[in-house]
Each structure stands twice: as C-alpha cells, then as structure tokens.
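Undergrad:
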Amino acid sequence: MICSLRGRLVARHAPHIVIECAGVGYELETPMSTFLDLPETGVELFLHTHLLVREDAQILYGFASEEERALFRVLLKINRVGAKLALALLSALSPADLRRCVEYEDAAALSKVPGVGPKTAKRLIMEMRDKVGNLGAPPLPGGRMSVEASARSEAFDALIALGYKPAEVNKLLGKLDIDDSSAEDIIRRALKQVAA
C-alpha cells in the first residue's frame, strides 16, 4: 500500500497530477480542495495517498490532509458511493462542513454537490452518522462552501443552539429563499416563520 508521497510536482491537469519520486512519476487524482492548494510545478510537496485497486485499474488518490483521506475512506465504504462521488464531496465541502452536514442532518446542503440527489444525501447522513464522529479531527478553519451555504450553515448552528432539532431547522430553512442572505437575516426570517 502506498501511504504517502514526497516528491516534485511535474504536471497538473485537474484533477490529475504527477509527482516524481526518485525518478518514478506517480499519477494521482485529487479533490479540487487539494488541487487548488498545489504549489507551482517543479516544487516539492507531500501528499497523503490512498491506492484503489480495481479489476481494470489501479488508481492512486492524493490528499493534502490526513483528515481528507480518512473521510474519503469512510465515503468509499458507503453503499453506492464510489471514488468519483467521494472526490466530488471533498471538492465541494471542507471536512468540517461535511461533518457538520452529517451531524445536523443537513441533506439540503449535501444535495447541492454535483451527483448527490436528495435520496443519496439522506443515505450519506444515515450511514455516516456513527463513522464521522470517530475520526476525532478538530474542525478546520475556513471552507470551500459557497457564501450562501456558509451563511446557511451558520444560521443552522445558531438555530440548533436555540434548542431546535436538526429536522425542524432543515424544514424551516427549506421554506426560505436564502440566496445572498446573511446568517442574521436567515435566522430572523426563520424565527418569524416559527412565530407566524
């Protein structure tokens, strides 16, 4: 098993990259989160890796953090989630955001990831619920969610802190048009909806 690579970045063509280690070029697929943080070609870098062996191919995946690799491995164990969908999830959501979606049963945010429909989002939440907490990684700062999704996530956290259940909050936020809204505005509108 190839666990990690340290070498010189010699090519980058999203989502594929090539790292040369001791004269051998390794082709890797990466989530966009890792790809966008890569240095210029010719620079040395270190990536955590996962080798996937299939009947017709051996594919090496590279990740900037150990947490991303751990989540990738968790996602691969979920029914009908392959490497392509796992990479799409890690490209669209930071590990902290993905954990938050699972913890708060936020199927709406997961459904915004290309290739994830409402049924898949619900299945991801159900099957990952017990697995994600065991990773034990602290939340990462920042994230790659859209401004809308980040404001929604912040509003979601605030409403949970006020004592609402995740399912109730999802129902409330699902009725709101939150495009370009701040978290405060989303919270205010959600609370007005409860009072109505």
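Under this note's numbering, the first residue of the sequence shown is numbered 1378, with each subsequent residue one higher.
C-beta: ideal position from N, C-alpha, C; glycine also.
Check this for me: beta carbons of Val-1509 and Val-1490, under 8 Å apart or not?
TA: Val-1490 is positioned such that its CB atom lies no closer than 8 Å to that of Val-1509.
Undergrad: Output the distance between the C-alpha atoms of Gln-1435 and Glu-1406, rounded to the nearest integer angstrom.
TA: Spanning the two alpha carbons is a distance of roughly 11 Å.
Undergrad: First and last residue of the beta strand (DSSP E) that includes Glu-1397?
TA: Start and end: 1393-1398.
Undergrad: Have a look at Leu-1452, Lys-1548, Ala-1388 and Leu-1549 and flag the residue whose alpha-carbon is nearest the alpha-carbon of Glu-1421.
TA: Considering only alpha carbons, the answer is Ala-1388.
Undergrad: Rounding to the nearest angstrom, what Cα-Cα distance links Pro-1472 and Val-1571 in this structure?
TA: Distance between the alpha carbons of Pro-1472 and Val-1571 is about 31 Å.
Undergrad: With a Cβ-Cβ cutoff of 8 Å, do His-1425 and Ser-1381 count as a contact?
TA: yes
Undergrad: Spell out the partners DSSP gives Val-1401 in its beta bridges.
TA: Cys-1398
Undergrad: When the Cβ atoms of the stretch 1440-1456 are set against those of the stretch 1386-1404, are three or more pairs found closer than 8 Å?
TA: no
Undergrad: If you reduce the DSSP assignment to three classes, tell me which class Ser-1558 lands in.
TA: coil
Undergrad: Looking at the strands, I want to know which residues DSSP matches up with Glu-1480.
TA: Beta-bridge partners assigned by DSSP to Glu-1480: none are found.
Undergrad: With distances taken Cα to Cα, identify the nearest neighbour of Phe-1533 among Tyr-1481, Lys-1499, Leu-1501 and Val-1493.
TA: Ranking Tyr-1481, Lys-1499, Leu-1501 and Val-1493 by Cα distance to Phe-1533 puts Tyr-1481 first.
Undergrad: Taking the alpha-carbon of Glu-1443 as reference, which of Lys-1461, Arg-1457 and Leu-1467 has the nearest alpha-carbon?
TA: Shortest Cα-Cα distance from Glu-1443 to any of Lys-1461, Arg-1457 and Leu-1467 involves Leu-1467.
Undergrad: What residue range does the alpha helix (DSSP H) around Ala-1469 cover?
TA: 1460-1469
Undergrad: Take the Cβ of Met-1505 as the centre, count every other Cβ of all protein chains shown within 10 Å, and call the residue buried at 16 or more, exposed below.
TA: Burial is judged here by how many other beta carbons sit within 10 angstroms of a residue's own beta carbon; Met-1505 has at least 16 and is buried.
Undergrad: Could you tell me if Asp-1507 is buried or exposed, where buried requires 16 or more neighbouring beta carbons within 10 angstroms of its beta carbon?
TA: exposed
Undergrad: What separation, rounded to the nearest whole angstrom, lies between the Cα atoms of Leu-1386 and Ala-1441?
TA: 13 Å
Undergrad: Just verifying my parser: in three-state terms, what is the DSSP assignment at Arg-1457?
TA: DSSP places Arg-1457 in coil when its eight states are reduced to three.
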